[in-house]
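Trainee: According to the numbering used here, the sequence shown is numbered sequentially starting from 44.
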Amino acid sequence: MKIPEILKSKTLWKHVALIIGLTTLLIILASWFLNIYTRHGESVVMPKLIGKSLETVKSELSSTKFELIIRDSVFDNKAPKHSIVSQDPIAGSKVKERRKIYVTIVSMGTKKAPLPDLTDISLRQATQLLESNGFVVGQVVYEPSEFDNIILEQRFKGRKVSEGELLEQGSSITLVVGKSGSSDDSQEQ
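1) Can you grab the Cα-Cα spacing for the pair R142 / G135, in whole Å?
2) Can you list, in chain order, the residues of its chain with a C-beta nearer than 8 Å to that of E174? Leave out the 5 residues immediately preceding and following it.
3) Using DSSP with H/G/I as helix, E/B as strand and the rest coil, what is L195?
4) For L158 and E206, which I take to be in contact (beta-carbon distance under 8 Å), what is that distance rounded to the nearest angstrom?
5) Taking the CB atoms as reference points, tell me whether K33 and L210 lie closer together than 8 Å.
6) Taking the DSSP output, what are the residues bridged to S96?
7) Where does P132 sit, in a helix, a strand or coil, going by DSSP?
8) Taking a contact to mean a Cβ-Cβ separation below 8 Å, would you say Q197 touches L218 in this structure?
9) Helix, strand or coil: which one does DSSP assign to K243?
10) My output table needs one value for T162: the three-state DSSP class, helix, strand or coil.
11) What residues in its chain sit with their C-beta under 6 Å from that of Q212, if we drop five residues either side in the sequence?
12) Excluding the five sequence neighbours on either side, which residues of its own chain have a C-beta within less than 7 Å of the C-beta of K124, listed in chain order?
13) I think V117 touches Q130, with their Cβ atoms under 8 Å apart; what is that distance to the nearest whole Å?
14) In terms of alpha-carbon separation, which member of D115, I79 and V184 lies closest to F199?
15) Restricting to Cα atoms, I'd like to know which of P132, G84, F109 and F76 is closest to I93.
16) So, are the CB atoms of K51 and E85 less than 8 Å apart?
17) If you drop the 5 nearest sequence neighbours on each side, which residues of the same chain put their C-beta closer than 7 Å to that of I49?
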């Protein structure tokens with residue numbers, strides 16, 4: 044058969060019409076199935092979770108069918124333990140039910156860090172070094188020394204501590220600082 048005869052054949056056009064019809068039907072069925080499967084057009088407004096406790100949020104979300112996932116925990120001694128500090132998706136956004144909500148919470152425990160070596164450096168340097176490592180300068184005690192404003196030792200809760208000792212961040216460190224002069228009395232600031 045030649046091409047002009049094939050183009051005039053009724054069988055060819057029946058098959059073309061059948062292919063077009065089946066393709067259209069498959070597209071309509073796939074679109075209908077995807078609308079049902081993805082719940083197209085259905086959404087819920089994401090509630091604000093930041094600042095709330097983890098237990099409160101779990102009870103609030105139990106009726107909404109959201110899945111809560113703790114992504115990370117951070118140390119913050121100013122915020123309540125197990126409170127939420129960030130969420131994804133953000134509050135006010137429209138999401139579907141059964142969506143996973145990723146949150147970052149404040150950790151229960153405190154983070155520990157090694158105490159830096161502070162001996163034989165100036166009070167100013169020691170203060171900056173302590174603060175950059177997450178510690179707080181507590182009391183400054185002056186003792187007689189031939190060098191002025193040099194750290195002689197560091198103390199934590201009344202006991203001498205050495206370099207590298209793990210302490211909770213936010214701890215108050217007492218600094219014993221040298222003061223030149225012949226006075227035997229120690230002064231506290």
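Ideal Cβ placement from N, Cα and C applies to all residues, glycine included.
Mentor: So, from the listed chains and residues:
1) CA-to-CA, the gap between R142 and G135 works out to about 14 Å.
2) Closer than 8 Å at Cβ, skipping near neighbours: V180.
3) Look at L195 here: in three-state DSSP terms it is strand.
4) About 6 Å; that satisfies the 8 Å criterion.
5) Lying before the first or after the last residue shown, residue 33 is absent from the chain, which here runs from 44 to 232.
6) Answer by DSSP bridge pairing, in chain order: S126.
7) In the structure shown, P132 adopts coil according to DSSP, grouped into three states.
8) Yes, the pair counts as a contact, with Cβ atoms nearer than the cut-off.
9) Shown here, the chain extends from 44 to 232; a query on residue 243 therefore has no answer.
10) Collapsing the DSSP output to three states places T162 in coil.
11) Closer than 6 Å at Cβ, skipping near neighbours: K154, A156 and G177.
12) Cβ within range, chain order: V149 and M151.
13) Not quite, the Cβ-Cβ distance comes to about 13 Å (not below 8 Å), so this is no contact.
14) Nearest Cα to F199 within the set D115, I79 and V184: V184.
15) Taking only the C-alpha atoms, the option nearest I93 is P132.
16) Between K51 and E85, the C-beta gap is not smaller than 8 Å, which leaves the two residues out of contact.
17) So the qualifying residues of the chain are L55.
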